[in-house]
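What follows is a short report on a single structure.
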Amino acid sequence: MNILERYHAMEYGPAPEARNEADAWLASRDFAKALFIDGAWKAAASGKTFETSEPSSGKLLAKISDAGAADIEAAVTAAAKALPKWSASSGYARAKVLYAIGRAMQRHQRLFAVLESIDNGKPIRESRDIDVPLAIRHFIHHAGWAQTLEKDFPDHKPVGVVGQVIPWNFPLLMLAWKIAPALAAGCTVLLKPAEFTPLTAILFAEICERAGVPKGVVNIVQGGPEAGAAIVNHPGVQKIAFTGSSEVGKIIRKATAGSGKKLSLELGGKSAFVVFEDADLDSAVEGLVDGIWFNQGQVCCAGSRLLVQEGIAEAFIAKVKVRMSRLRVGSPLDKNTDIGPLVDSTQLDRVRGLIAEGAKQGAVCWQPDATLPSSGYYHLPTLATSVSPANILAQEEVFGPVLATMSFRNTEEAIELANNTRYGLAASVWSENVNLALHVAPQLKAGVVWINGTNMFDAACGFGGYRESGFGREGGREGMFEYLAAKLPVGPAIKPAAVGSAQPVEQADGTSIDRTAKLFIGGKQVRPDGNYSLAVAGAKGKLAGEVGLGNRKDIRDAVSAARACKAWPEATAYNRSQVLYYLAENLSGRADEFAARLVQLTGVAAKAAREEVEQSIERLFLYAGLADKFEGRVHQPPARVVTLALHEPVGVVGIVAPDNQPLLNFVSLVAPALAMGNTVVAVPSEWHPLLATDLYQVIEYSDLPAGAINIVTGRSAELCGVLAKHDDVDGLWVFADADTCAKAEADSVGNLKRVWTGNGRTLDWASGEAAGDAFLRRAIEVKNVWVPYGD
Ligand code: NAD
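2 is the number of the first residue of the sequence shown in the numbering used here; add one for each residue after it.
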């Protein structure tokens, strides 16, 4: 036997991580008092417990107190009591607490890692080298944000008491992603881990006790969906941060509709792993192993769809199979293990069921020849080929070690296939041609894109999705905004319009030629589909004109026109800026006419009308100026990589405008959306729509491409409902009565569009706070593109 043969013949010896400290910790704790509320350990008021077991053996680990409504109530009360002092404490004081948490976690790093692997089943190499160090980094990074809060986030305040519900796949890391920014922002929290993985959160609460976290600032409750729902529905909670399945995310979206609670959802994914023919194939195979088999594939951003260019597909798949055969499936505490058990038998059943269904639908499923441990919830890594784009394995999140493979011919097809999913969490692009990779990355509908890499995370870089992968970001500057409320100049409550009633109008006494304003769709003035019109009264109750009564079909046409308009989102920021300046210029040329219209319709004095027109022009100027300045950032995480945090338009944005200051509010809402490259379907003020219809000519003369802005007049509540339910609308901003706002949120669950409402109130649009970054932030998605460098 030569050396090479000897090398290949070598067997791995067992390399178990010691678990005695973790076992001692488990034996020492009273888990029947596992609720950490107001700085004390409590049993559930009901006395109930639930069991958590070890995925590698199925053995019972502990019986944990199961929180009910009374316990959630106690936790909310404690968090609310602690809020005033914590939020008023200095940034430095909060920074010291966050830093102390990070340092204390560092001191118990090994115990956290072993406990996490025991409870979740993830290989110790992962918990030791990824989960725990990243969690610590999160607390230390956010100590800095706590200290610079006032400088970096002016005009913002802590959102209040935060309810946080997390999944089982990264129990400690998800906890850190949630608690660190909340504390930095000055919020107090109650967090519920998943019922499968309660342990490291309990150890974390012990750390809080020792790190000087004031009582009630961090409360950790335990339990399942019922406890989660009790948090979500509690009126004393001002913000819900949820990570978990899209299914539960949608339930929470509905449950919080109309409550005024701020919401962030980090949900599932079906991320594409795209390999071009000029990629370094061996690196791509290693990346793929990490992309799909990290944490047994139980990763929201797992690269579960391999898209490989046709010419290299066969060779690449062959390499993948060889590599899969070498993956070691076994005890999570063995340092040589690549793949541990799934978290629970229910998860194992789900994965098996999806593979069986995928095979029934034509996929060919291959597994390496390996024996699984005799007990525990193990599953072999699985490669599915001959997968059609409609196959369940290509569409559904399996959340297990299953890779679905498809091939593509050219770049366009790769992008199309990658985007052929209702999710939009992450993507990985492999090519040695950085021009190609950076050409593809912006076209992928995903919140995170890794170039020649995968599963890179850092506390300084935002993480989160598009579409049904949820909304909001965790980490970095954008993550901090999730725990802050912008100080907006809130105006009076908006009264609901009487259903079905036309405005009470008397005939006008003028003799001018009768003119009915149409709708503005795809750059043209078009008649409403229903051929009905709506009478519009002037301030004195006399008929001022008529506008088209838009309906469902008109909104659909407007959305199609907005979607079809590629010229605007693809225009350079400078180009968009010029067009907005031009709009301002053209409005200014007709300032007298618009001022007169305002007087006629709203009854304001001539001077106030003139001011509103001037402010509208000024606002257009502002957003023209900001169009090429509200830019992304470059992060330098602790690795040889730069992360480009790009600002991208949300997409098609629906806008439902209120009645007060009708010209100014329309401009204040539409201009920031346009400035960031969105295309818009706007429903102007129901009472004063003529201000918007008078803008048609201004728009027509301003070089705005057809479809960039579409205006549908009519009944606001009805049209808002159509926009909310429309799955091709990506964002919706609603300033209408409370009921319409609540319905817009509830009806948005279909595609989880980003909804921003005034919660039934309007704004004082003349205020300087009704303009600027707070609006632009609503008009963008932050996409983090990771670009490694070095040879
Ligand atoms: P899950 O949605 O079943 O449960 C998540 C959490 O929600 C648990 O704590 C659970 O007890 C709680 N819960 C369940 N029903 C609830 C309800 N009706 N109201 C309130 N809370 C409720 O998800 P899971 O199976 O624990 O986790 C897997 C999912 O998490 C996957 O879809 C994965 O993609 C997603 N995930 C997403 C991210 C991300 O950042 N996008 C990160 C990790 C995991």
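Built from N, CA and C at the ideal position, the CB exists for glycine as well.
At least 8 Å separates the beta-carbon of residue 588 from that of residue 544. Excluding residues up to 5 positions away in sequence, 671, 675, 681, 683 and 700 lie with their Cβ nearer than 7 Å to the Cβ of residue 710 in the same chain. Counting along the chain, no alpha helix (DSSP H) covers residue 109, and no H or E run does either.
Shown here, residue 335 sits in a strand according to DSSP, grouped into three states. In this structure, the straight-line span from the alpha carbon of residue 435 to that of residue 444 is close to 15 Å. Close CB contacts of residue 68 within its chain, under the 8 Å cut and outside five residues either way in sequence, are with 36, 45, 76, 193, 222, 223, 224, 228 and 231 (chain order). Under the three-state reduction of DSSP output, residue 396 falls in the helix class.
Leaving aside the five residues that flank residue 269 on each side, the residues in its chain whose CB is nearer than 7 Å to its CB run, in chain order, 246, 247, 301, 398, 424 and 470. Around the Cβ of residue 213, a 10 Å sphere holds fewer than 16 other Cβ atoms; the residue is exposed. Per DSSP, residue 651 is not a residue of any beta strand (DSSP E), being assigned neither H nor E.
DSSP places residue 64 within a strand segment (E or B) once states are collapsed to three. CA-CA distance, residue 113 to residue 79, rounds to 27 Å. The ligand NAD has no heavy atom closer than 7 Å to the beta-carbon of residue 462.
Taking the Cβ of residue 233 as the reference point, at least one heavy atom of the ligand NAD falls within a distance shorter than 7 Å. One alpha carbon belongs to residue 361, the other to residue 388, and they sit about 11 Å apart. When Cβ pairs closer than 8 Å are counted between the two stretches, the region 301 to 320 is seen not to touch the region 97 to 112, the count staying below three. In the three-state DSSP reduction, residue 210 falls in the helix class (H, G or I).
According to the DSSP assignment, residue 148 belongs to the alpha helix (DSSP H) that extends over 133 to 148. With contacts defined as CB atoms closer than 8 Å, residue 390 and residue 764 fail to qualify as a contacting pair.
Below 8 Å, enough C-beta pairs join the region 115 to 135 and the region 291 to 299 to call them touching: three or more. The Cβ atoms of residue 656 and residue 521 do not sit closer than 8 Å to each other.
Nearest to residue 249 by C-alpha distance, out of 168, 288 and 276, is 168. Here residue 325 is buried: its Cβ has 16 or more other Cβ atoms, across all protein chains shown, within 10 Å. Excluding the 5 residues flanking it on each side, residue 729 has same chain C-beta neighbours closer than 7 Å at 560, 564 and 653, in chain order. Residue 530 has its alpha-carbon roughly 45 Å from the corresponding atom of residue 237.
If you look at residue 240, you'll find it in the beta strand (DSSP E) that goes 240 to 244. Put simply, the backbone Cα of residue 330 is about 36 Å away from that of residue 480. Under the DSSP definition of a beta bridge, residue 677 lacks any partner. DSSP places residue 526 within a strand segment (E or B) once states are collapsed to three. For residue 433, the three-state secondary structure derived from DSSP is coil. Membership of residue 175 in the alpha helix (DSSP H) is indicated by the continuous run 172 to 186. Between the region 404 to 415 and the region 733 to 753, the count of Cβ pairs shorter than 8 Å is below three; the stretches do not touch. Distance from the CA atom of residue 322 to the CA atom of residue 116, rounded to whole angstroms, is 32 Å.
Bridge partners of residue 517 according to DSSP: 547. Comparing alpha carbon positions, the residue from 566, 663, 477 and 646 closest to residue 605 is 663. Your pair residue 787 and residue 644 checks out as a contact, with CB atoms roughly 5 Å apart and the cut at 8 Å.
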